[in-house]
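**Student:** Residue numbers (this note's numbering), protein chains in the order written: chain A, 40 to 351; chain B, 244 to 450; chain C, 5 to 429.
Heads up, the beta-carbon is just placed ideally off N, CA and C, and yes, glycines get one too.
Since the structure is predicted, the reported quantities are computational estimates derived from the model, not experimental observations.
Input: one structure, supplied below.
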C-alpha cells in the first residue's frame, strides 16, 4: 500500500478531516452491520429466550429444574402451537435393555410404520418427516444400492422384499462418540437420546450415523394444533426447536411406560417384535435365540440393538 | 551448536510422531469399552395382565332377502341350507357349484371345502382327524398345517399386536389368523403403500 | 545464534524488566498506531476495503436470515448434511496449515530471505483460521449455543469427539500465531530486537501445530466408518499435501502483490523456495489421488459408489462430475506448469500455476471431498446437492472478511517491519 504522505489536510481544531471521515465511515459501517444482522434480533425476540439461552444440560438438572423446564416447554407449545400438552421425563427402566427385531419375510413395505412414527412423534408436516425409511430391495441381494424408498406401486411387488430402517440404538453409537458437546448419549436401557436444549446443530452425528437415523430441524417444525400428540417425553416426541438434531427413541415415552412403540402397533402384518433383551422369556429373545438374525452393517462394529430376520 | 540444531530437526518430528501415536492409540482404545450384560429373572410375584386374542364371534351367518320388523336383514345359519344338501367331498372350487357361493375365490393349496368345513355340522369346522371344532377356535385348525407360524405366533413373533410389551404394566391384544388372512385366499393381499417420503430438492432415488 | 543478537537480546530483556510500567503506556500506543495504519491508505485501498465491507455485509445479512428462518434456506438436507460451509472450512484449514511452509525454511533451515518475509505466512495463517472458525459457526444450527463448546462452561466431549480436538487445535493455532506476530511487531515497533525466548519456542510449536490442524481436520472425516469415501487412512496425508500447495500458492501471489503495492522488499529467493515446495507437494498430492482412485475402482463393490458418482455419475445423477474433472484438469495443468524448470522467471506461468492449483484444490476439497462423502447416503439413496444463494452469499462474506483481515494485518505488519512506523520518542 502507498506510503503515508503527510499532506496536511485542513484541520478543524485538533481533528483532521481524515479522522472525521474515518469516524463517519466507522459509524456508517456499524449502522449497516446492525441493519444486516437485524433478522437475528427478530429471531431472538420471538423464538428464543434468556432461559433458553442459559438452559443447562439435561444431566445437570435437578428434579426441580426439570419440572421448571417441562413447564416452560409446555407453555411454549401452548403459545406457539395452541395446544395443551403433557411433557414427562421418562427415566430409563432398570434391568431392561430394549431390543427390536423385524421379520423381513412378513414386511410388505406398506410404510404404515413410517406414517405412525410421523404422527406419534410430532414430526414436521411440511417435510413429511419420519424416523423410519422403508427400502424396497431386490430379492437375491442385500445390497442397499439396489434399493429404493420412493416406490408408490402396490406392495408387496413380485421379486422384491422390504426393509424398514430406523435408529439401531447401537451398543457403540458413532453418533454419540462424535458429538462435541455431549448433547446425545446412550441411556441405561439402550436408548440413544438427544438433549434438544443442548444440541448446537453441527450435524456431525448425522455424518457419523451409518444408518441415516438422524434428522435435523432445517426449519421450525409445523404441526397443526389438532394433530399434535399431547403425550410427550422430554427426551423424545415433544416438539423440537429449529436447528437441532432429533432421532428415533424407540418411542421411549411409550415403551418406558411398558407400551409398544407406535411403529409396532401400526404394523398390519406383525413383522415387528419388541421387548427386553435381558429377559430370557421375552419375545425378542425368542427371535434372537431361534431365528437366524442379522444386523445392518455389522462390519462397522456399531453393535446394533435392532435385528432383522427371515422366516423362510 | 550445529549438532543441537540437527538434533532439533530430527528430534522434533520424532517427538511429534511419538506423541501423536500415543494420543491416537489412547483415544482410539478409550472408544471401545466392553459392556457386560446379564439376563434378569422376570419377577413372577408381580401381577401380570392378560393377553387377549381376537376371536370370531361365532359361526358365520348368511344374509337373506328378508327384513325383520325392525328393518334389519334376516340372517340364517349355514346349517339352515346345508342340513338338506348332500355333502360333496370332491368340491375344491366354487366354480364347480351350480348354485350359491359361485362368486367365491378359493386359493388355499389343494384343499377341498370339506377339509375345513364340517359336513356333520356346517355351523362348526373340522380338524384333520375329523373332530369338530368351533369357529371361535379357528386358530387351532390353521395350526394343523401352519406349525411354524403357530409356534412363532405363540412366542410373539408372528401376528400383529397392540398394548403393552411389559405385561406387568398393562394388557395386550393380539390378532387372530383370520384377522389378516382370508381363510379362502390366505396370501396377504397387496396394498397401496402410504406416506411416500419427500426427497429434498426434488431429486429422485434410484433402483 | 548470532553472538551480537544474543547480547542485545539480553540487554533488551533487562531493559524490558525495568520498563514493565513502560509497556502499559507503549502497548496501547502500539495498538493505536496499528489502528491508524490499518485505516490510512490510498484511494485504491479504500475502494478495496469498502468493496470487501459491502460483500461482508451481504454475507452477514444472509447469515442472519439463515439463523432466523432456519438452515432450510441452504441447499443442504438430511442426506447431504454438510456442504459449502464445511468444504470451505476444510480448504482454509489447509491454507492456514500451508502457511507453515514459510516458517519451516525460515526457522528450521535458517533461510534468511524467507525469514524476512515469514510474517506474510503467519498473518495468512491468522486470517485463514479466523475464516475457518467463522465457517464452522455459520454451519451451526444453533449458533446461540456456541458456549456449549467452551471447555469449563459447556460440556466438552474431549477426547472422544474429533470436533473437540479441532476446536482445540484451531484456536490454539490462532493464539500461537497471534502471539508470534503480535510480539514481533510490537518489538519492531519499539525498535528493539525480539528476545528469541519469547517467540522461538512458539514458532517451533506452531510448526507441529500446523501439521496437527490439518491432520485433526482429516480425522473428522476419516474416522467415520459409515462413510466409506472418507474412511481412508490416506485422507490426512492427502490433506497435508494439498495444503502445502494451496498455502504456498496463495503466498506466492501475495508476495508479488506486496512488492508491487507497498515497496516492501521481497526477493526472488522466498518465492523460489515456495515454488519448490508447491512443486513437490502437488506431485505428492497427485500420486496419492491416483492411488486413491486406483484402489476405489480396481476393488469395485459398494465402497466405490461415491467415487463412481463423483467421477462418472451414478444411475444418471451427474451433479459433481463436471466439478471434479475441472478440478483434476486444473491440478494436472498446474503440476505441469510447476514442473517447468525455470518457472520463477516466467511470472505469468508461475502465477497461472498458482491460481489453477488454488482453484483446483478448492473444488477438490468441497465438491470433490465433502459432498460426495454424503452421496449416495448411508442407505444408498442419491440426493444431490447444490449450494443455495444464501450459502454463496455467506461464503463470499466470510472470504471478504478474511481478505479484509489479511489486508489490514499485512498493512500493519509491513509498515512496522519496514521501519516506517516506529515508536516516536
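Decide if the region 383 to 391 of chain C is in contact with the region 107 to 126 of chain C; the criterion is three or more beta carbon pairs, one per stretch, under 8 Å apart.
**Tutor:** Flag = no, the region 383 to 391 of chain C and the region 107 to 126 of chain C do not touch.
**Student:** Run the proximity test for residue 71/A: is its beta-carbon closer than 7 Å to any non-hydrogen atom belonging to the ligand FMN?
**Tutor:** Absence of the ligand FMN is noted for the structure shown, with no ligands found whatsoever.
**Student:** Rounded to whole angstroms, what is the Cα-Cα separation between residue 331/B and residue 389/B?
**Tutor:** The alpha-carbon atoms of residue 331/B and residue 389/B are separated by roughly 25 Å.
**Student:** Quick check on residue 416/B: does DSSP put it in helix, strand or coil?
**Tutor:** Reduced to three states, the DSSP call for residue 416/B is strand.
**Student:** Distance, Cα to Cα, residue 154/A vs residue 375/C?
**Tutor:** C-alpha separation (whole angstroms): 30 Å.
**Student:** Give the DSSP-derived three-state secondary structure of residue 139/C in the structure shown.
**Tutor:** In this structure, residue 139/C counts as helix in the three-state DSSP scheme.
**Student:** Less than 8 Å separating the beta-carbons of residue 250/A and residue 217/A?
**Tutor:** Their beta carbons are not under 8 Å apart, which means residue 250/A does not touch residue 217/A by this criterion.
**Student:** Quick one, which of 347/C, 379/C and 189/C has its alpha-carbon nearest residue 312/C's?
**Tutor:** Minimum Cα distance to residue 312/C is reached at 379/C.
**Student:** Using only CA atoms, which one of 419/C, 122/C and 332/C lies nearest to residue 291/C?
**Tutor:** Checking every option, the nearest Cα to that of residue 291/C belongs to 332/C.
**Student:** Counting C-beta neighbours from all protein chains within 10 Å, is the total for residue 205/A 16 or more, i.e. buried, or is it exposed?
**Tutor:** The residue is buried, with at least 16 neighbouring Cβ atoms inside 10 Å.
**Student:** Any chance the region 250 to 264 of chain C sits against the region 354 to 364 of chain C, with 3 or more Cβ pairs inside 8 Å?
**Tutor:** Cβ pair count under 8 Å is three or more, so yes.
**Student:** Let me know if residue 180/C comes out buried or exposed under the rule of 16 or more other beta-carbons within 10 Å of its beta-carbon.
**Tutor:** Buried is the call here.
**Student:** If contacts are defined as beta-carbon pairs under 8 Å, then residue 225/A and residue 215/A qualify, I think. What distance do you get, rounded to the angstrom?
**Tutor:** About 6 Å; that satisfies the 8 Å criterion.
**Student:** Got a sec, what are the start and stop residues for the beta strand (DSSP E) residue 199/A sits in?
**Tutor:** Residues 199 to 204.
**Student:** Using only the alpha-carbon positions, how far apart do residue 370/C and residue 169/C sit?
**Tutor:** Distance between the alpha carbons of residue 370/C and residue 169/C is about 21 Å.
**Student:** Which residue spans inside the region 190 to 255 of chain A form an unbroken alpha helix (DSSP H) run of at least 4?
**Tutor:** The qualifying runs are 213 to 217 and 243 to 247.
**Student:** Kindly identify the DSSP beta-bridge partner or partners of residue 176/A.
**Tutor:** DSSP output for residue 176/A lists 200/A as bridge partner(s).
**Student:** Any Cβ of chain C within less than 8 Å of the Cβ of residue 428/B?
**Tutor:** No, residue 428/B lies away from the interface with chain C (no Cβ there is under 8 Å from its Cβ).
**Student:** With distances taken from CA atoms, which of 64/C, 243/C, 363/C and 38/C is nearest residue 70/A?
**Tutor:** When each option's Cα is compared against that of residue 70/A, the closest is 64/C.
**Student:** Does the CB of residue 87/C have a neighbour CB from chain A at under 8 Å?
**Tutor:** No - not a single Cβ of chain A is within 8 Å of the one on residue 87/C.
**Student:** Does any CB atom of chain B fall closer than 8 Å to the CB of residue 153/A?
**Tutor:** For residue 153/A, the answer is yes, since a Cβ of chain B falls inside 8 Å of its Cβ.
**Student:** For residue 299/A, tell me which candidate among 407/B, 396/B and 266/B has the shortest Cα-Cα distance.
**Tutor:** Checked all of 407/B, 396/B and 266/B; the closest Cα to residue 299/A is 407/B.
**Student:** Pair every Cβ in the region 142 to 160 of chain C with every Cβ in the region 86 to 96 of chain C, then say whether three or more of these pairs are closer than 8 Å.
**Tutor:** The region 142 to 160 of chain C vs the region 86 to 96 of chain C: in contact.
**Student:** Are the C-beta atoms of residue 387/C and some chain B residue less than 8 Å apart?
**Tutor:** Answer yes: the Cβ-Cβ gap between residue 387/C and chain B drops below 8 Å somewhere.
**Student:** Is it right to say residue 39/C is buried, meaning 16 or more other beta carbons lie within 10 angstroms of its own, or is it exposed?
**Tutor:** With fewer than 16 other Cβ atoms within 10 Å, it is exposed.
**Student:** Looking only at its own chain, which residues have a Cβ that is under 7 Å from the Cβ of residue 309/B, when we skip the five neighbours before and after it?
**Tutor:** Hits under 7 Å: 317.
**Student:** Rounded to the nearest angstrom, what separates residue 163/A and residue 256/A at their Cα positions?
**Tutor:** Straight-line Cα distance between these residues: approximately 8 Å.
**Student:** In the DSSP assignment, what residue or residues form a beta bridge with residue 348/A?
**Tutor:** Answer by DSSP bridge pairing, in chain order: 142/A and 332/A.
**Student:** For residue 333/B, which residues in the same chain have their Cβ closer than 6 Å to its Cβ, ignoring the five residues on either side in sequence?
**Tutor:** Within the same chain, residue 333/B has no close Cβ partners at all.
**Student:** So the candidates are 282/B, 432/B and 426/B; which of them puts its Cα closest to the Cα of residue 308/A?
**Tutor:** Comparing Cα-Cα distances from residue 308/A to each of 282/B, 432/B and 426/B, the minimum goes to 432/B.
**Student:** Who are the Cβ neighbours of residue 115/C in its own chain at under 8 Å, not counting the five residues just before and after it?
**Tutor:** Same-chain partners within the cutoff: 109, 273, 274 and 277.
**Student:** Can you give me the C-alpha to C-alpha distance between residue 248/C and residue 289/C, rounded to a whole angstrom?
**Tutor:** Residue 248/C and residue 289/C: Cα-Cα distance of roughly 9 Å.
**Student:** Restricting to Cα atoms, I'd like to know which of 354/C, 346/C, 363/C and 344/C is closest to residue 335/C.
**Tutor:** It is 363/C.
**Student:** How many Å lie between residue 342/C and residue 251/C at the Cα?
**Tutor:** Cα-Cα distance, rounded: 15 Å.
**Student:** Per DSSP, which residues does residue 360/B bridge with? Please list them.
**Tutor:** Its beta-bridge partners are 368/B.
**Student:** Could you work out which residue in 66/C, 123/C and 281/C is closest to residue 411/C when comparing CA atoms only?
**Tutor:** Of the candidates 66/C, 123/C and 281/C, the one whose C-alpha sits nearest the C-alpha of residue 411/C is 123/C.
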